[in-house]
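Yeah, the sequence shown ends on 502 if you go by this note's numbering, and it's all consecutive. Backbone N, C-alpha and C fix where the C-beta goes; we use that ideal spot for every residue, glycine too. Note that this is a predicted model, so its numbers are computed, not measured.
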Amino acid sequence: MSKTGVGRRPVWKLLAVTVILVALITFSLNFIHSYYSVTVPTSDEIAYTPPPRPSKPSKPSSSLAPLPSLPPPSIPAPLKALGDVKLAPSPFLAEYVPTTCDTLLHDSFPRYRTFRLKGPRNREVLIFRWLHYTFLTHKELSWPDAARDLCPYPPELAPSFRRIFERFAPSPYSDIATWPAGYAPCFFWTQLDYGEQGTCEGGTSWRITANFTRWREADVMLIDFPYLLREDYPPYYDLARFPPKNTNQVWWLKLVDEGLAYEWYAGLRGFRELFEMTMGPPARVFDIFQPTFGISRDRMPEFYKTDIPFEKKKSDVLVAWMAGNCNPKNNRNEFVDELMKYITVDSYGSCHHTKNVPEYVLKKYGIKPEGNATAHWQANMYEVKRDTLSPYKFILAFENSNCAGYVTEKVYDPMLIDAIPVYMGAPDIDDYVPPHSIIKVSDFKTVKEFADYIEKVANDKTLYESYFEWKKDKTYDSFCEKCWKGETSYMCKFLERAEWVG
Numbered sequence: 001m002s003k004t005g006v007g008r009r010p011v012w013k014l015l016a017v018t019v020i021l022v023a024l025i026t027f028s029l030n031f032i033h034s035y036y037s038v039t040v041p042t043s044d045e046i047a048y049t050p051p052p053r054p055s056k057p058s059k060p061s062s063s064l065a066p067l068p069s070l071p072p073p074s075i076p077a078p079l080k081a082l083g084d085v086k087l088a089p090s091p092f093l094a095e096y097v098p099t100t101c102d103t104l105l106h107d108s109f110p111r112y113r114t115f116r117l118k119g120p121r122n123r124e125v126l127i128f129r130w131l132h133y134t135f136l137t138h139k140e141l142s143w144p145d146a147a148r149d150l151c152p153y154p155p156e157l158a159p160s161f162r163r164i165f166e167r168f169a170p171s172p173y174s175d176i177a178t179w180p181a182g183y184a185p186c187f188f189w190t191q192l193d194y195g196e197q198g199t200c201e202g203g204t205s206w207r208i209t210a211n212f213t214r215w216r217e218a219d220v221m222l223i224d225f226p227y228l229l230r231e232d233y234p235p236y237y238d239l240a241r242f243p244p245k246n247t248n249q250v251w252w253l254k255l256v257d258e259g260l261a262y263e264w265y266a267g268l269r270g271f272r273e274l275f276e277m278t279m280g281p282p283a284r285v286f287d288i289f290q291p292t293f294g295i296s297r298d299r300m301p302e303f304y305k306t307d308i309p310f311e312k313k314k315s316d317v318l319v320a321w322m323a324g325n326c327n328p329k330n331n332r333n334e335f336v337d338e339l340m341k342y343i344t345v346d347s348y349g350s351c352h353h354t355k356n357v358p359e360y361v362l363k364k365y366g367i368k369p370e371g372n373a374t375a376h377w378q379a380n381m382y383e384v385k386r387d388t389l390s391p392y393k394f395i396l397a398f399e400n401s402n403c404a405g406y407v408t409e410k411v412y413d414p415m416l417i418d419a420i421p422v423y424m425g426a427p428d429i430d431d432y433v434p435p436h437s438i439i440k441v442s443d444f445k446t447v448k449e450f451a452d453y454i455e456k457v458a459n460d461k462t463l464y465e466s467y468f469e470w471k472k473d474k475t476y477d478s479f480c481e482k483c484w485k486g487e488t489s490y491m492c493k494f495l496e497r498a499e500w501v502g
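Here it is, written out as structure tokens:
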């Protein structure tokens, strides 16, 4: 055998072994990768799993109509209910008092967050309010007329401008297309710049602007009406409608004027993480708690000065209602439908309208009779409402959603005219009203049982007057736990959390 033949045999063995080793290593690596690449969901992902994203339309919508009212996504059981108050399960509560908005929210951040601002504490803080597009869904606007007066805006805002116009501006976009690059109608900021300013304890002053030419110098970007950010697919808000975030800016979210049933995505952790500081109810969700309808101590005497005798209240019709939002997020309309089968309800608003505002009230405030069904939305709306409803013993104080912390003037207005509020809404309402001052529909098993109790109270003077015992405490200390507005302005409450550097 030649030396050449003898030398080849070990080489082939070596190659064979090498091939086998490579195969084994490849198999092992694939196995390890497949094993360890399994995604482990976070607690938030376990708590909240959004539905699959539907396909987007090929062209942007051009309607001026408001964004559609969207049902909340289905939420699996592991997510904890919001708030300490839990309603006992019953068919009645399931039908009329759903708590959807209290079961779709993620837990809040650590309760006391801070943010950093540059400069001395006693300087002026410029706050830019990103609110200006709400008119697109609420006002008729002549685009050709608006385009006659154009103002410049920083070029970095162009993508968000374009995104919002494509979504909400009327079609065709011919007027928008003819605007010079970097220009838009001055209406966007001149009509919505209210010149708000103030000074906080410690010497920090603040000023709110809507002038886009001051965008770059603003210390804070404030979003206090995120309505136009909503979308119907994950993550349920459109980041492209946000302005870019400057490195020197902090972002604030103030959601006080509307409940989370309408802006429910604001309760999701991913949305709130976009902001250095958030404000609103309930306390468990936002950094700074602020009631929807805060009451100042200066206003407290109004609740105690009225004294309408039991005998002067109507006895033929016991219950009155005045509401203008006929598409609520709860089942208050269905409740009223059922209630009207058992007792008479005088309804003065747009919803279930059965009664006109008295002529003497219309004349008193200069309102034309043809605007009767919506009279309470016109000038002097609170006065019209109180004068109209004051003869009744019971007023339906039904919120448009049943969200924890969402408590509006509806529950307080009856107290100012010595009527008993009949309440549907926030499950934690007891924290916002005096003890034994309201009747909650959630305390009853059926609408018939509730109607029977109303008639019982109406015919028992002692029982009726027991709902006004709270007026005997003139110290106001027992009026509520969470309804206080406080003496500090919204902006100063934000600035109290600032850490000053540099």
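If you check the CB distance, V457 and I429 do not come in under 8 Å.
Just measuring C-alpha positions, the residue of R113, F168, D149, C200 sitting nearest N122 is C200.
T292 sits in coil when the DSSP states are folded into three classes, being neither helix nor strand. N325 is the residue among E496, S442, N325 whose C-alpha sits nearest the C-alpha of Y262. Contact check for K313 against Y423 fails: the beta carbons are separated by 8 Å or more. The residue among N246, W130, D219, Y233 with its C-alpha nearest the C-alpha of E156 is N246. L239 counts as exposed, since fewer than 16 other C-beta atoms from the protein chains shown sit within 10 angstroms of its C-beta. If you draw a straight line from the Cα of L463 to the Cα of C351, it is about 30 Å long.
N402 has its alpha-carbon roughly 45 Å from the corresponding atom of A181. In this chain, the alpha helix (DSSP H) harbouring L339 covers 332-339.
In this structure, W206 sits near M491, with a CB-CB distance shorter than 8 Å.
Every beta strand (DSSP E) of 3 residues or more that sits fully in the region 406-474 is shown, in chain order, as 420-424. Cβ-Cβ separation between V317 and T278: approximately 44 Å, too far for a contact (criterion under 8 Å). Considering only P435, T292, F303, the residue with the shortest C-alpha distance to K485 is T292. S347 is a Cβ neighbour of K355, given a cutoff of 8 Å. Looking at the DSSP output, D346 bridges to A320. Inter-residue distance for Y304 and T204 is about 37 Å (C-alpha atoms, whole angstroms). Under the DSSP assignment, L126 falls outside any alpha helix (DSSP H), being part of the beta strand (DSSP E) whose first and last residues are 124-129.
Counted as a single uninterrupted DSSP element, the beta strand (DSSP E) harbouring C151 occupies residues 150-152. Its Cα nearest to that of P435, the residue E481 stands out among I395, E449, E481. When DSSP states are grouped into helix, strand and coil, A158 belongs to the helix group. Distance from the Cα of Y453 is smallest, within the candidate group L339, K118, W189, P159, for L339. As the crow flies, the alpha-carbon of K368 is around 7 Å from that of L362. Taken atom to atom, the span from the alpha-carbon of K385 to that of T213 is near 42 Å.
With a threshold of 16 other beta carbon atoms within 10 Å, V433 meets it and is buried.
Considered as a whole, the region 210-260 harbours 220-223, 250-254 as its complete beta strand (DSSP E) runs of no fewer than 3 residues, in chain order.
With fewer than 16 neighbouring CB atoms inside 10 Å of its own CB, G366 falls in the exposed class. In the structure shown, L396 falls within a strand segment according to DSSP collapsed to helix, strand and coil.
With fewer than 16 other Cβ atoms inside 10 Å of its own Cβ, T190 counts as exposed.
Under the three-state reduction of DSSP, E499 is assigned to strand.
The C-beta distance from S160 to F242 rounds to 6 Å, short enough to meet the 8 Å contact threshold.
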